[in-house]
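*Asks:*
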Amino acid sequence: MGRAAQRPCQQHPDKTHWGKPTESLPCLPRGRPGAPLGAGGAISRTAPGDFEPSGGRPPAAIWRCHGGGAAAAAGERPAAGAGVRPGREVPAAGRHGQPGRAAKRQPGGGTLAGASYMEIHQAGGGIHFTVEHTRKATEEELFNTFKHRLERMRRAGSTLVECKSGYGLNLETELKMLRVIERAKQSMDIGISSTYCGAHSVPKGKTATEAADDIINNHLPKLKELKLSGEMHVNNIDVFCEKGVFDLDSTRRILQAGKDIGLQINFHGDELHPMKSAELGAELGAQAISHLEEVSDEGIAAIARAKCAAVLLPTTAYMLRLKQPQARKMLNEGVIVALGSDFNPNAYCFSMPMVMHLACVNMKMSMNEALAAATINAAYALGKSDTHGSIEIGKQGDLVIINSSRTRQMGAVTDSGQ
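What the sequence shown shows, in UniProt numbering, is residues 1 to 418, in sequence order.
Dropping the structure here:
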């Protein structure tokens, strides 16, 4: 395996880069390890010795995302002729990540026929249809379905997935879903960040206030008890903050109560109507907010200041025929933009490469921006950018092996070096 040649930096004559003489790579400052990337998603290459997996020989050259993390394929390839880049993080495998629910959503045809999301929801379809089937399913049935879906995500290059409950809406079924997620955490070769989403919808027969009271007084204390006993460790809390679902006040109460027991805030906001969810997330110190199709200019400024990640979900806008999130404006204003699959019965997408494709075509993100948004920034949205999302010494060795000298093709996936 030959070494790439060094050449002078175009900006700093006293420095050199590794690469072919014809390449033109700027010299940009590196940030702290795990730092997310903004507009441009700048990527450069490091020297062969800059990265060496424990017990193995290094690739000849590795692309590095400025911000501290390598994020694309090697130009001079390892012996097998393959490049390396980080495994993709999915900050929402199910409503960003709900792979563990029971049924495909039958009313999806209503959307194609012209019915809006909320019209279907209010008619008892959508989430409520899936809730009915999930409540009836056994834990073993849910796990077998969940395992199959996670394997498909892993084969598509995802190595860290956010998995949510949210199709129970009562304590018994929410805990059943969370036990399934916990079992997968312990038994599967894929990273999982678990999210309690008991406030995914208001249960039939209750008001939003009554549902919020039940969550705060019953659900969250039980999660705290299970955490202290070591039976279950939930990472995040989510609420669907939306007109006709949970209003801003109920959302604030639930999220604050979750934060008080140690859960990261990572919630649905400003999807169908402008709700000032982004402003609320910034106020509460949220790690991330998903959707944001209807976010205000003030909300964008607020999450940029708060370093709250915006998890954009291209499949949602595509499937529900919503307006596209303002990815370019967010990037230009310094928001940490991440991408998620929104895998759920209404957006049945296992593939983060497809999500990245939609982000480039419909949201006008560059390929480098989409790559950073699907790796290091997605890890940041889950509070895991110090350990995941980029190829750096000391971080987890989740890699996508690419059978090409180009960054756009994937050949194999390794998780934790396996």
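Beta carbons: idealized from backbone N, C-alpha and C, even for Gly. Every value quoted in this text rests on a predicted model; they were computed, and no experiment measured them.
Assuming Glu271 contacts Ala302 (C-beta within less than 8 Å), just tell me the rounded distance between them.
*Replies:* The Cβ separation is near 17 Å, so there is no contact.
*Asks:* Distance, Cα to Cα, Phe143 vs Leu178?
*Replies:* Their Cα atoms are separated by approximately 10 Å.
*Asks:* DSSP three-state call for Ala372: helix, strand or coil?
*Replies:* Helix, per DSSP.
*Asks:* Exposed or buried, what is Glu172 when buried is set at 16 or more other beta-carbons lying within 10 Å of its beta-carbon?
*Replies:* Exposed: under 16 other Cβ atoms inside 10 Å.
*Asks:* Just the C-alpha distance for Lys323 and Pro314, rounded to the nearest angstrom, thanks.
*Replies:* Going from the Cα of Lys323 to the Cα of Pro314 covers about 10 Å.
*Asks:* Check for me: the alpha helix (DSSP H) holding Leu226 runs from which residue to which?
*Replies:* Residues 220-229.
*Asks:* How would you label Ile393, buried or exposed, when you count the other beta carbons within 10 angstroms and need 16 or more for buried?
*Replies:* Classification of Ile393: exposed, given that the 10 Å Cβ count is below 16.
*Asks:* Could you check how far apart the C-beta atoms of Phe350 and Arg149 are, in whole angstroms? I think they sit under 8 Å.
*Replies:* Contact holds; Cβ gap of about 7 Å.
*Asks:* Assuming Ile254 and Ala327 form a contact by the criterion Cβ under 8 Å, report the distance between their Cβ atoms to the nearest whole angstrom.
*Replies:* Not really, about 28 Å apart at Cβ, beyond 8 Å.
*Asks:* Identify which residue in Asn368, Ile391, Pro345 has its Cα closest to the Cα of Pro353.
*Replies:* Of the candidates Asn368, Ile391, Pro345, the one whose C-alpha sits nearest the C-alpha of Pro353 is Asn368.
*Asks:* As a quick exercise: from Phe129, Ile215, Ala359, Met153, pick the residue whose alpha carbon is nearest that of His291.
*Replies:* Residue Ala359 is the option with its Cα nearest to His291.
*Asks:* Could you spell out the range, first to last residue, of the beta strand (DSSP E) harbouring Ala208?
*Replies:* Taken as a continuous stretch (DSSP letters only), Ala208 belongs to no beta strand (DSSP E), being part of the alpha helix (DSSP H) at 208-214.
*Asks:* Give me the DSSP bridge partner(s) of Ala288.
*Replies:* In DSSP, Ala288 forms a bridge with Asn266, Ala309.
*Asks:* So what's Glu293 in DSSP terms, helix, strand or just coil?
*Replies:* Note: Glu293 maps to coil in three-state DSSP.
*Asks:* Looking at the structure shown, is Pro314 part of a helix, part of a strand, or coil, going by DSSP?
*Replies:* Residue state, collapsed to three classes: helix.
*Asks:* Answer yes or no: do Glu140 and Lys176 have a C-beta to C-beta separation smaller than 7 Å?
*Replies:* Contact flag unset, no.
*Asks:* Can you tell me whether Asp342 is buried or exposed, with buried defined as 16 or more other CB within 10 angstroms of its CB?
*Replies:* The residue is buried, with at least 16 neighbouring Cβ atoms inside 10 Å.
*Asks:* Could you check the C-alpha separation between Leu226 and Glu174 for me, to the nearest Å?
*Replies:* C-alpha separation (whole angstroms): 13 Å.
*Asks:* Does DSSP put Lys349 in a helix, in a strand, or in coil?
*Replies:* For the record, residue 349 in the displayed sequence is Cys; it is not Lys. Coil at Cys349, not helix or strand.
*Asks:* Considering only the alpha carbon of each residue, which of Asn346, Gly258, Leu382, Gln396 lies closest to Thr130?
*Replies:* Thr130 has its Cα closest to that of Asn346, out of Asn346, Gly258, Leu382, Gln396.
*Asks:* Using the beta-carbon count (16 or more within 10 Å), is Ser385 buried or exposed?
*Replies:* By the 10 Å Cβ count, Ser385 comes out buried.
*Asks:* Does DSSP put Ala61 in a helix, a strand or coil?
*Replies:* Only weak support is given to the placement of Ala61: the predicted model assigns it a pLDDT of 33, under 50, and the value that follows is read from those uncertain coordinates. Ala61 falls in the coil class under three-state DSSP.
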